[in-house]
Amino acid sequence: MADIHRNAYIPKLVSIGPFHYGDRLLQPMEDHKMRYLWYILGYNCNDEGCTTLSGQEPGPSAEVVTPRLNVCVVVDSLVLPKKKNGVVGVPLERLEAAMKALERKTRECYSETFNYIDSEDFVQMMVMDGCFIIMLFRLYYKYYYEEGLQELFNLTSCPEHGNVSLVELALRFFNPIIPRDLELMNMDDLVETDIVYDHLLCLFRGSFITPLKSQYKRGKKKFHPTTPSIRLAQQEKQLNYCVTELQEAGIKFIKKEQNDDLLSIDYDEDGILRIPQLHMDDNTVPLFLNSIAYEQCHEKAQPYFTNHFIFFDCLVNTSKDTDILHKYGILNHVLGSDKDVAHLINKLCREIVYDVDVNHLQRQMKGLNNYYKTYYSTTWHIWMRNLVHQYFSSPWTFLSLIAAIFLLILTTAQTFFAVYSYFKPSPP
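Structural data, given as C-alpha coordinates:
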(Lines of atoms letter the chains of each structure in order from A; the text may use other names.)
(Lines give C-alpha, C1' and ligand atoms only; values in the text may rest on other atoms or scores of the structure.)
Protein backbone atom coordinates (compact mmCIF):
# COMPACT_ATOMS: atom_id res chain seq x y z
CA MET A 0 0.00 0.00 0.00
CA ALA A 1 2.83 2.39 0.80
CA ASP A 2 4.34 1.86 -2.66
CA ILE A 3 1.02 2.59 -4.40
CA HIS A 4 0.00 5.59 -2.26
CA ARG A 5 3.38 6.78 -1.05
CA ASN A 6 2.39 10.45 -0.67
CA ALA A 7 -0.53 9.53 1.59
CA TYR A 8 1.83 8.31 4.32
CA ILE A 9 4.50 11.04 4.15
CA PRO A 10 3.88 14.19 6.25
CA LYS A 11 4.05 17.47 4.35
CA LEU A 12 4.12 19.97 7.19
CA VAL A 13 4.83 18.48 10.61
CA SER A 14 6.42 15.28 11.93
CA ILE A 15 4.76 13.48 14.84
CA GLY A 16 6.60 10.54 16.35
CA PRO A 17 9.83 8.80 15.37
CA PHE A 18 9.17 7.77 11.75
CA HIS A 19 10.15 11.13 10.23
CA TYR A 20 12.13 12.40 13.20
CA GLY A 21 14.86 14.81 12.10
CA ASP A 22 13.53 15.27 8.55
CA ARG A 23 15.06 18.55 7.36
CA LEU A 24 12.02 19.42 5.26
CA LEU A 25 9.85 19.39 8.39
CA GLN A 26 12.22 21.33 10.66
CA PRO A 27 10.44 24.72 10.39
CA MET A 28 7.53 23.35 12.44
CA GLU A 29 9.87 22.37 15.29
CA ASP A 30 9.98 26.01 16.41
CA HIS A 31 6.19 26.08 16.66
CA LYS A 32 6.23 22.85 18.66
CA MET A 33 8.66 24.43 21.11
CA ARG A 34 6.51 27.55 21.49
CA TYR A 35 3.52 25.36 22.38
CA LEU A 36 5.63 23.43 24.88
CA TRP A 37 6.79 26.65 26.55
CA TYR A 38 3.20 27.86 26.68
CA ILE A 39 2.16 24.73 28.57
CA LEU A 40 5.15 25.16 30.87
CA GLY A 41 3.99 28.69 31.64
CA TYR A 42 6.43 30.70 29.49
CA ASN A 43 6.14 33.19 26.66
CA CYS A 44 8.94 32.80 24.12
CA ASN A 45 9.98 35.14 21.32
CA ASP A 46 13.12 36.12 19.48
CA GLU A 47 14.39 38.01 22.54
CA GLY A 48 14.12 35.08 24.94
CA CYS A 49 11.67 33.42 27.31
CA THR A 50 9.77 34.82 30.26
CA THR A 51 6.99 33.57 32.48
CA LEU A 52 3.47 34.58 31.52
CA SER A 53 3.66 37.31 34.19
CA GLY A 54 6.66 38.85 32.39
CA GLN A 55 9.34 37.73 34.88
CA GLU A 56 12.64 36.23 33.86
CA PRO A 57 13.21 32.57 34.79
CA GLY A 58 14.83 32.13 38.18
CA PRO A 59 18.35 30.91 38.85
CA SER A 60 17.08 27.36 39.28
CA ALA A 61 16.27 27.12 35.59
CA GLU A 62 18.51 24.90 33.49
CA VAL A 63 19.24 24.59 29.79
CA VAL A 64 17.61 21.57 28.15
CA THR A 65 17.18 20.04 24.70
CA PRO A 66 20.16 21.88 23.15
CA ARG A 67 19.47 20.17 19.80
CA LEU A 68 16.50 22.54 19.36
CA ASN A 69 18.37 25.73 20.39
CA VAL A 70 15.84 26.58 23.09
CA CYS A 71 16.45 28.81 26.06
CA VAL A 72 15.47 27.73 29.56
CA VAL A 73 12.98 25.69 31.49
CA VAL A 74 12.13 25.35 35.17
CA ASP A 75 13.24 22.32 37.11
CA SER A 76 10.99 22.12 40.17
CA LEU A 77 9.18 25.46 39.89
CA VAL A 78 5.39 25.26 39.55
CA LEU A 79 4.10 28.53 38.12
CA PRO A 80 0.77 29.97 39.35
CA LYS A 81 -2.40 29.86 37.28
CA LYS A 82 -2.58 32.75 34.81
CA LYS A 83 -5.51 34.70 33.38
CA ASN A 84 -5.67 32.52 30.30
CA GLY A 85 -6.09 29.41 32.42
CA VAL A 86 -2.68 27.87 31.70
CA VAL A 87 -0.99 26.18 34.62
CA GLY A 88 2.79 25.99 34.53
CA VAL A 89 4.06 22.43 34.70
CA PRO A 90 7.66 21.40 35.46
CA LEU A 91 9.29 19.84 32.43
CA GLU A 92 10.84 17.17 34.64
CA ARG A 93 7.39 15.99 35.60
CA LEU A 94 6.39 15.59 31.95
CA GLU A 95 9.63 13.85 31.05
CA ALA A 96 9.35 11.50 34.04
CA ALA A 97 5.85 10.49 32.97
CA MET A 98 7.02 9.83 29.42
CA LYS A 99 10.18 8.04 30.55
CA ALA A 100 7.99 5.47 32.31
CA LEU A 101 6.20 4.83 29.01
CA GLU A 102 9.25 4.84 26.73
CA ARG A 103 9.69 1.07 26.39
CA LYS A 104 5.98 0.51 25.83
CA THR A 105 5.92 3.28 23.22
CA ARG A 106 8.89 1.87 21.31
CA GLU A 107 7.20 -1.53 21.22
CA CYS A 108 4.25 0.03 19.39
CA TYR A 109 6.41 0.47 16.28
CA SER A 110 7.63 -2.16 13.86
CA GLU A 111 11.05 -0.46 13.71
CA THR A 112 13.49 -0.20 16.61
CA PHE A 113 14.70 3.41 16.09
CA ASN A 114 17.99 2.62 17.79
CA TYR A 115 19.47 5.78 16.29
CA ILE A 116 17.26 7.83 18.65
CA ASP A 117 18.71 7.60 22.16
CA SER A 118 16.53 7.44 25.24
CA GLU A 119 16.82 11.12 26.15
CA ASP A 120 15.94 12.35 22.66
CA PHE A 121 13.09 9.86 22.36
CA VAL A 122 11.50 11.04 25.62
CA GLN A 123 11.94 14.71 24.66
CA MET A 124 10.36 14.00 21.28
CA MET A 125 7.36 12.34 22.95
CA VAL A 126 6.89 15.27 25.33
CA MET A 127 7.19 17.96 22.66
CA ASP A 128 5.02 16.19 20.07
CA GLY A 129 2.40 15.29 22.66
CA CYS A 130 2.17 18.85 24.01
CA PHE A 131 1.98 20.16 20.44
CA ILE A 132 -1.03 17.95 19.69
CA ILE A 133 -2.77 18.86 22.94
CA MET A 134 -2.31 22.60 22.32
CA LEU A 135 -3.66 22.23 18.78
CA PHE A 136 -6.77 20.58 20.17
CA ARG A 137 -7.20 23.22 22.86
CA LEU A 138 -6.67 26.16 20.51
CA TYR A 139 -9.24 24.75 18.11
CA TYR A 140 -11.70 24.16 20.94
CA LYS A 141 -11.19 27.73 22.14
CA TYR A 142 -12.35 29.07 18.83
CA TYR A 143 -15.05 26.92 18.01
CA TYR A 144 -5.75 7.63 23.22
CA GLU A 145 -2.76 7.19 23.40
CA GLU A 146 -1.65 6.42 27.00
CA GLY A 147 1.26 8.84 26.84
CA LEU A 148 -0.86 11.57 25.28
CA GLN A 149 -3.54 11.04 27.92
CA GLU A 150 -0.89 11.32 30.64
CA LEU A 151 0.36 14.61 29.21
CA PHE A 152 -3.22 15.83 28.92
CA ASN A 153 -3.87 15.07 32.58
CA LEU A 154 -0.69 16.83 33.67
CA THR A 155 -1.39 19.95 31.58
CA SER A 156 -5.11 20.35 32.22
CA CYS A 157 -6.67 23.76 31.52
CA PRO A 158 -9.35 24.88 34.01
CA GLU A 159 -10.96 27.15 31.41
CA HIS A 160 -12.00 24.12 29.36
CA GLY A 161 -13.94 22.60 32.24
CA ASN A 162 -14.48 18.86 32.03
CA VAL A 163 -13.80 18.55 28.30
CA SER A 164 -11.99 15.25 27.74
CA LEU A 165 -9.07 14.53 25.45
CA VAL A 166 -11.40 12.37 23.34
CA GLU A 167 -13.83 15.23 22.78
CA LEU A 168 -11.05 17.70 21.99
CA ALA A 169 -9.58 15.28 19.43
CA LEU A 170 -12.91 14.58 17.70
CA ARG A 171 -13.76 18.28 17.53
CA PHE A 172 -10.36 19.06 16.04
CA PHE A 173 -10.70 16.47 13.26
CA ASN A 174 -14.42 17.05 12.68
CA PRO A 175 -13.99 19.50 9.73
CA ILE A 176 -12.41 16.69 7.69
CA ILE A 177 -15.63 14.65 7.74
CA PRO A 178 -18.20 17.01 9.31
CA ARG A 179 -20.70 15.72 11.84
CA ASP A 180 -22.99 17.68 14.15
CA LEU A 181 -21.15 16.85 17.36
CA GLU A 182 -23.26 19.31 19.34
CA LEU A 183 -26.29 17.06 18.87
CA MET A 184 -24.38 13.83 19.45
CA ASN A 185 -23.46 12.14 22.71
CA MET A 186 -19.77 11.31 22.99
CA ASP A 187 -20.72 7.96 24.51
CA ASP A 188 -22.45 7.14 21.21
CA LEU A 189 -19.26 7.83 19.25
CA VAL A 190 -16.65 6.03 21.35
CA GLU A 191 -16.71 2.92 23.49
CA THR A 192 -15.72 3.76 27.05
CA ASP A 193 -14.37 0.27 27.74
CA ILE A 194 -11.86 0.40 24.87
CA VAL A 195 -8.34 1.82 25.16
CA TYR A 196 -7.59 3.59 21.88
CA ASP A 197 -4.02 3.08 20.69
CA HIS A 198 -3.66 6.50 19.12
CA LEU A 199 -5.57 9.32 17.44
CA LEU A 200 -6.20 7.44 14.19
CA CYS A 201 -7.69 4.56 16.17
CA LEU A 202 -9.89 7.02 18.08
CA PHE A 203 -11.12 8.86 14.99
CA ARG A 204 -11.74 5.61 13.11
CA GLY A 205 -13.56 4.18 16.11
CA SER A 206 -15.92 7.16 16.26
CA PHE A 207 -17.41 6.02 12.92
CA ILE A 208 -17.48 2.34 13.80
CA THR A 209 -19.12 2.60 17.24
CA PRO A 210 -22.46 4.00 15.90
CA LEU A 211 -22.56 1.22 13.30
CA LYS A 212 -21.93 -1.47 15.91
CA SER A 213 -24.68 0.07 18.06
CA GLN A 214 -27.14 -0.40 15.20
CA TYR A 215 -26.25 -4.08 15.03
CA LYS A 216 -26.78 -4.43 18.79
CA ARG A 217 -30.19 -2.75 18.56
CA GLY A 218 -31.18 -5.11 15.76
CA LYS A 219 -31.51 -2.44 13.08
CA LYS A 220 -28.84 -4.21 11.08
CA LYS A 221 -27.68 -7.79 10.94
CA PHE A 222 -24.06 -8.80 10.69
CA HIS A 223 -23.30 -12.51 10.65
CA PRO A 224 -19.76 -13.33 9.48
CA THR A 225 -19.94 -16.55 7.53
CA THR A 226 -18.40 -19.79 8.74
CA PRO A 227 -16.97 -22.56 6.54
CA SER A 228 -20.13 -24.66 6.94
CA ILE A 229 -22.53 -21.97 5.76
CA ARG A 230 -20.39 -19.92 3.42
CA LEU A 231 -22.00 -18.41 0.39
CA ALA A 232 -20.87 -19.34 -3.08
CA GLN A 233 -17.69 -17.53 -4.07
CA GLN A 234 -19.47 -15.23 -6.50
CA GLU A 235 -21.86 -14.09 -3.75
CA LYS A 236 -19.10 -12.86 -1.47
CA GLN A 237 -18.42 -9.82 -3.63
CA LEU A 238 -20.58 -7.37 -5.51
CA ASN A 239 -20.32 -8.45 -9.13
CA TYR A 240 -21.93 -5.47 -10.85
CA CYS A 241 -21.06 -1.79 -11.15
CA VAL A 242 -23.30 1.26 -10.77
CA THR A 243 -24.13 1.45 -14.48
CA GLU A 244 -25.19 -2.20 -14.64
CA LEU A 245 -27.21 -2.00 -11.44
CA GLN A 246 -29.01 1.14 -12.61
CA GLU A 247 -29.90 -0.54 -15.91
CA ALA A 248 -31.37 -3.41 -13.89
CA GLY A 249 -33.59 -0.97 -11.98
CA ILE A 250 -31.59 -0.32 -8.79
CA LYS A 251 -32.29 3.14 -7.37
CA PHE A 252 -29.40 5.02 -5.75
CA ILE A 253 -30.35 7.42 -2.95
CA LYS A 254 -28.09 9.58 -0.78
CA LYS A 255 -28.75 9.10 2.92
CA GLU A 256 -29.84 12.41 4.39
CA GLN A 257 -28.15 11.68 7.71
CA ASN A 258 -24.41 11.53 7.09
CA ASP A 259 -23.38 10.82 10.68
CA ASP A 260 -22.88 7.14 9.84
CA LEU A 261 -20.21 7.20 7.14
CA LEU A 262 -19.98 3.40 6.96
CA SER A 263 -23.71 2.61 7.03
CA ILE A 264 -25.03 1.42 3.65
CA ASP A 265 -28.64 0.19 3.49
CA TYR A 266 -30.30 -1.97 0.83
CA ASP A 267 -34.02 -2.64 0.57
CA GLU A 268 -35.36 -5.72 -1.18
CA ASP A 269 -37.39 -3.49 -3.50
CA GLY A 270 -34.17 -2.34 -5.16
CA ILE A 271 -33.25 0.84 -3.26
CA LEU A 272 -29.63 1.37 -2.21
CA ARG A 273 -29.04 4.16 0.33
CA ILE A 274 -25.46 5.37 0.70
CA PRO A 275 -24.05 8.22 2.84
CA GLN A 276 -22.27 10.94 0.92
CA LEU A 277 -18.58 10.21 0.38
CA HIS A 278 -16.43 13.32 0.08
CA MET A 279 -13.01 12.80 -1.46
CA ASP A 280 -10.33 15.45 -1.34
CA ASP A 281 -6.69 15.86 -0.36
CA ASN A 282 -7.62 15.62 3.35
CA THR A 283 -10.07 12.71 3.39
CA VAL A 284 -8.21 10.35 1.04
CA PRO A 285 -5.09 10.05 3.30
CA LEU A 286 -7.43 9.48 6.26
CA PHE A 287 -9.22 6.66 4.42
CA LEU A 288 -5.92 5.10 3.35
CA ASN A 289 -4.46 5.24 6.86
CA SER A 290 -7.65 3.72 8.31
CA ILE A 291 -7.39 0.84 5.84
CA ALA A 292 -3.69 0.45 6.64
CA TYR A 293 -4.51 0.37 10.37
CA GLU A 294 -6.98 -2.46 9.80
CA GLN A 295 -4.29 -4.33 7.87
CA CYS A 296 -1.76 -3.99 10.68
CA HIS A 297 -3.89 -4.42 13.81
CA GLU A 298 -4.91 -8.02 14.35
CA LYS A 299 -8.00 -7.13 16.42
CA ALA A 300 -9.28 -4.36 14.15
CA GLN A 301 -12.37 -5.40 12.20
CA PRO A 302 -12.18 -4.30 8.55
CA TYR A 303 -15.07 -1.82 8.48
CA PHE A 304 -13.27 0.82 6.39
CA THR A 305 -11.78 -1.89 4.18
CA ASN A 306 -15.23 -3.38 3.58
CA HIS A 307 -16.67 0.04 2.81
CA PHE A 308 -14.12 0.87 0.13
CA ILE A 309 -14.11 -2.65 -1.30
CA PHE A 310 -17.84 -2.05 -1.82
CA PHE A 311 -17.11 1.23 -3.62
CA ASP A 312 -14.39 -0.47 -5.63
CA CYS A 313 -17.00 -2.95 -6.87
CA LEU A 314 -19.50 -0.18 -7.63
CA VAL A 315 -17.09 1.96 -9.63
CA ASN A 316 -15.41 0.70 -12.79
CA THR A 317 -15.48 3.69 -15.13
CA SER A 318 -16.04 7.43 -15.11
CA LYS A 319 -19.68 6.77 -16.00
CA ASP A 320 -20.15 5.11 -12.60
CA THR A 321 -18.66 8.07 -10.72
CA ASP A 322 -20.78 10.45 -12.80
CA ILE A 323 -23.97 8.62 -11.76
CA LEU A 324 -22.98 8.64 -8.07
CA HIS A 325 -22.11 12.34 -8.32
CA LYS A 326 -25.46 13.05 -9.98
CA TYR A 327 -27.31 11.58 -6.99
CA GLY A 328 -25.12 13.41 -4.47
CA ILE A 329 -23.50 10.22 -3.16
CA LEU A 330 -19.98 11.00 -4.37
CA ASN A 331 -18.53 14.47 -3.96
CA HIS A 332 -14.96 15.16 -5.00
CA VAL A 333 -12.49 17.89 -5.89
CA LEU A 334 -9.79 15.64 -7.33
CA GLY A 335 -10.08 16.26 -11.06
CA SER A 336 -12.15 14.36 -13.59
CA ASP A 337 -14.59 11.52 -12.93
CA LYS A 338 -12.08 9.23 -14.62
CA ASP A 339 -9.36 10.23 -12.13
CA VAL A 340 -11.69 9.59 -9.18
CA ALA A 341 -12.71 6.19 -10.56
CA HIS A 342 -9.03 5.28 -10.87
CA LEU A 343 -8.35 6.45 -7.30
CA ILE A 344 -11.26 4.45 -5.85
CA ASN A 345 -9.99 1.34 -7.63
CA LYS A 346 -6.54 1.88 -6.08
CA LEU A 347 -7.65 2.42 -2.47
CA CYS A 348 -7.77 -1.27 -1.58
CA ARG A 349 -5.11 -2.54 -3.94
CA GLU A 350 -2.42 -4.83 -2.50
CA ILE A 351 -4.33 -5.60 0.70
CA VAL A 352 -4.98 -8.89 2.46
CA TYR A 353 -8.76 -9.24 2.60
CA ASP A 354 -11.00 -11.92 4.11
CA VAL A 355 -14.25 -11.95 2.12
CA ASP A 356 -15.95 -13.93 4.89
CA VAL A 357 -15.72 -11.03 7.36
CA ASN A 358 -17.80 -8.31 5.78
CA HIS A 359 -20.54 -6.22 7.39
CA LEU A 360 -21.86 -5.40 3.88
CA GLN A 361 -22.26 -9.00 2.78
CA ARG A 362 -26.06 -8.93 2.96
CA GLN A 363 -26.16 -5.81 0.77
CA MET A 364 -23.85 -7.39 -1.79
CA LYS A 365 -25.89 -10.58 -1.94
CA GLY A 366 -29.13 -8.62 -2.31
CA LEU A 367 -27.80 -6.55 -5.21
CA ASN A 368 -26.41 -9.62 -6.97
CA ASN A 369 -29.73 -11.45 -6.64
CA TYR A 370 -31.73 -8.44 -7.86
CA TYR A 371 -29.56 -8.12 -10.95
CA LYS A 372 -29.71 -11.83 -11.80
CA THR A 373 -33.47 -11.98 -11.25
CA TYR A 374 -34.06 -8.97 -13.50
CA TYR A 375 -32.05 -10.44 -16.35
CA SER A 376 -33.43 -13.95 -15.96
CA THR A 377 -36.07 -13.13 -18.62
CA THR A 378 -35.24 -13.03 -22.35
CA TRP A 379 -37.07 -9.73 -22.82
CA HIS A 380 -34.81 -7.87 -20.40
CA ILE A 381 -31.73 -9.35 -22.06
CA TRP A 382 -32.92 -8.12 -25.47
CA MET A 383 -33.60 -4.67 -24.07
CA ARG A 384 -30.16 -4.51 -22.45
CA ASN A 385 -28.46 -5.48 -25.72
CA LEU A 386 -30.52 -2.89 -27.59
CA VAL A 387 -29.55 -0.15 -25.17
CA HIS A 388 -25.85 -1.09 -25.24
CA GLN A 389 -25.67 -1.32 -29.03
CA TYR A 390 -27.85 1.59 -30.15
CA PHE A 391 -28.33 3.96 -27.22
CA SER A 392 -24.88 4.04 -25.62
CA SER A 393 -24.12 7.48 -27.14
CA PRO A 394 -25.96 10.24 -29.06
CA TRP A 395 -24.13 9.33 -32.27
CA THR A 396 -25.20 5.71 -32.26
CA PHE A 397 -28.75 6.82 -31.50
CA LEU A 398 -28.73 9.30 -34.42
CA SER A 399 -27.28 6.60 -36.66
CA LEU A 400 -30.13 4.30 -35.66
CA ILE A 401 -32.73 7.02 -36.42
CA ALA A 402 -31.12 7.72 -39.80
CA ALA A 403 -31.07 4.02 -40.64
CA ILE A 404 -34.75 3.67 -39.70
CA PHE A 405 -35.62 6.76 -41.78
CA LEU A 406 -33.75 5.41 -44.81
CA LEU A 407 -35.45 2.05 -44.36
CA ILE A 408 -38.86 3.74 -44.36
CA LEU A 409 -38.01 5.73 -47.50
CA THR A 410 -36.68 2.64 -49.27
CA THR A 411 -39.78 0.65 -48.31
CA ALA A 412 -42.07 3.43 -49.53
CA GLN A 413 -40.17 3.74 -52.80
CA THR A 414 -40.36 0.00 -53.38
CA PHE A 415 -44.08 -0.05 -52.55
CA PHE A 416 -44.96 2.70 -55.01
CA ALA A 417 -42.78 1.15 -57.72
CA VAL A 418 -44.54 -2.21 -57.37
CA TYR A 419 -47.93 -0.55 -57.01
CA SER A 420 -47.49 1.47 -60.21
CA TYR A 421 -46.46 -1.66 -62.10
CA PHE A 422 -49.47 -3.72 -61.07
CA LYS A 423 -51.95 -0.87 -61.01
CA PRO A 424 -54.52 -1.43 -63.78
CA SER A 425 -54.55 1.15 -66.56
CA PRO A 426 -57.67 3.35 -66.82
CA PRO A 427 -60.04 2.44 -69.69
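Numbering (numbering that gives the first Met the number 0), first residue to last: 0 to 427.
Ideal Cβ placement from N, Cα and C applies to all residues, glycine included.
Everything numeric in this text was worked out from a predicted model, so none of it was measured.
Item to check | Nearest to F431 (by Cα), restricted to the options E298, K299, F287, H297 | outcome: With the chain running from 0 to 427 in the structure shown, residue 431 is simply not present.
Item to check | E191 versus T209: straight-line alpha-carbon distance, rounded | outcome: Taking the first residue of the sequence shown as position 1, residue 191 is located at position 192. Taking the first residue of the sequence shown as position 1, residue 209 is located at position 210. Cα-Cα distance, rounded: 7 Å.
Next on the checklist: Using C-beta distances below 7 Å, list every residue in its chain close to K99, excluding the 5 sequence neighbours before and after it, in chain order.
Outcome noted: In the sequence shown, residue 99 corresponds to position 100, counting from 1. Cβ within range, chain order: V122.
Checklist entry - How is the alpha helix (DSSP H) around Y35 delimited, first residue to last? => result The sequence position of residue 35 within the sequence shown is 36, counting from 1. Its alpha helix (DSSP H) spans residues 27-40.
Item to check | Closest by C-alpha distance to I271, when choosing among K255, V284, L277 | outcome: For the purposes of this step, residue 271 is taken as the residue at position 272 of the sequence shown. Ranking the options by Cα distance to I271, first place goes to K255.
Next on the checklist: By the DSSP assignment, the beta strand (DSSP E) with F252 in it spans what residues?
Outcome noted: Residue 252 sits at position 253 when you count from the first residue of the sequence shown. 251-254 is the span of the beta strand (DSSP E), which, as asked, contains F252.
Item to check | Where L396 falls, given that 16 or more other Cβ within 10 Å makes a residue buried | outcome: Working through the sequence shown from its first residue, we reach residue 396 at position 397. According to the sequence provided, residue 396 is Thr. The question's Leu does not apply to it. The residue is exposed, with fewer than 16 neighbouring Cβ atoms inside 10 Å.
Checklist entry - In terms of alpha-carbon separation, which member of K251, Q237, F203, S118 lies closest to Y365? => result One-based indexing of the sequence shown puts residue 365 at position 366. Residue 365 is actually Lys in this sequence, not Tyr. The residue with the shortest Cα to Cα distance from K365 is Q237.
Item to check | Cα-Cα separation, R349 to L211 | outcome: Stepping through the sequence shown from its first residue, residue 349 is reached at position 350. Stepping through the sequence shown from its first residue, residue 211 is reached at position 212. Going by the C-alpha atoms only, they are around 25 Å apart.
Checklist entry - Going by Cα to Cα distance, which pick from G335, Y109, F310, F416 is closest to Q361? => result Taking the first residue of the sequence shown as 1, we reach residue 361 at position 362. It is F310 whose Cα lies nearest to the Cα of Q361.
Checklist entry - Given that a residue counts as buried once 16 or more other Cβ atoms are within 10 Å of its Cβ, and exposed if not, what is H359? => result By one-based count along the sequence shown, residue 359 stands at place 360. So H359 counts as buried.
Checklist entry - In the structure shown, what three-state DSSP assignment does N289 receive? => result Locating residue 289 in the sequence shown gives position 290, counting from the first residue. N289: helix per DSSP, three-state reduction.
Item to check | Which residues DSSP lists as bridging I271, in chain order | outcome: Taking the first residue of the sequence shown as position 1, residue 271 is located at position 272. DSSP output for I271 lists K251, D267 as bridge partner(s).
Checklist entry - Taking the continuous alpha helix (DSSP H) assigned at H278, which residues delimit it? => result One-based indexing of the sequence shown puts residue 278 at position 279. Per DSSP, H278 belongs to no alpha helix (DSSP H); it is in the beta strand (DSSP E), 277-279.
Item to check | Simplified DSSP assignment, three categories, for H19 | outcome: As a first step, residue 19 must be located in the sequence shown, where it is residue number 20. Coil, per DSSP.
Checklist entry - Counting along the chain, where does the alpha helix (DSSP H) carrying L343 start and finish? => result The sequence position of residue 343 within the sequence shown is 344, counting from 1. Segment 337-347, the alpha helix (DSSP H) holding L343.
Checklist entry - Is it the case that the Cβ atoms of A248 and Y371 are separated by a distance below 8 Å? => result Against the sequence shown, residue 248 aligns to sequence position 249. Against the sequence shown, residue 371 aligns to sequence position 372. Yes; because the gap between Cβ atoms is below 8 Å, this pair is in contact.
Next on the checklist: According to DSSP, is N306 part of a helix, a strand, or is it coil?
Outcome noted: Within the sequence shown, the letter at position 307 stands for residue 306. Reduced to three states, the DSSP call for N306 is helix.
Item to check | Per-residue DSSP class, three states only, for N358 | outcome: For the purposes of this step, residue 358 is taken as the residue at position 359 of the sequence shown. Correct three-state label for N358: coil.
Checklist entry - How about F207 and L277: do their beta carbons lie closer than 8 Å? => result On the sequence shown, residue 207 is found 208 positions in, with the first residue counted as 1. On the sequence shown, residue 277 is found 278 positions in, with the first residue counted as 1. Going by C-beta atoms, F207 is not nearer than 8 Å to L277.
Item to check | DSSP state of L330 mapped onto helix, strand, coil | outcome: In the sequence shown, the residue the question calls residue 330 occupies position 331. Reduced to three states, the DSSP call for L330 is strand.
Checklist entry - Rounded C-beta distance between L324 and I250? I'm assuming under 8 Å. => result If you number the sequence shown from 1, residue 324 lands on position 325. If you number the sequence shown from 1, residue 250 lands on position 251. Contact doesn't hold; Cβ gap of about 12 Å is too wide.
Checklist entry - Is R106 near the ligand GTP, going by C-beta to nearest heavy atom under 7 Å? => result What this structure holds is no ligand at all, so the ligand GTP is not there to describe.
Checklist entry - Which first and last residues belong to the alpha helix (DSSP H) in which K99 is found? => result Residue numbering aside, residue 99 sits at position 100 when the sequence shown is read from its first letter. Here the alpha helix (DSSP H) through K99 covers 91-99.
Checklist entry - Between which two residues does the alpha helix (DSSP H) containing E167 stretch? => result In the sequence shown, counting from the first residue as 1, residue 167 sits at position 168. Residues 165-173.
Item to check | Nearest neighbour of D201, chosen from V242, N289, H342 [CA to CA] | outcome: Within the sequence shown, numbered from 1, the residue matching residue 201 stands at position 202. What sits at residue 201 in the sequence shown is Cys, not Asp. Selected option, being the one with the closest Cα: N289.
Checklist entry - Buried or exposed: T305, going by 16 or more other Cβ atoms within 10 Å of its Cβ? => result In the sequence shown, residue 305 corresponds to position 306, counting from 1. Buried is the call here.
Item to check | DSSP three-state assignment for K372, whether helix, strand or coil | outcome: Counted from its first residue, the sequence shown places residue 372 at position 373. Helix, per DSSP.
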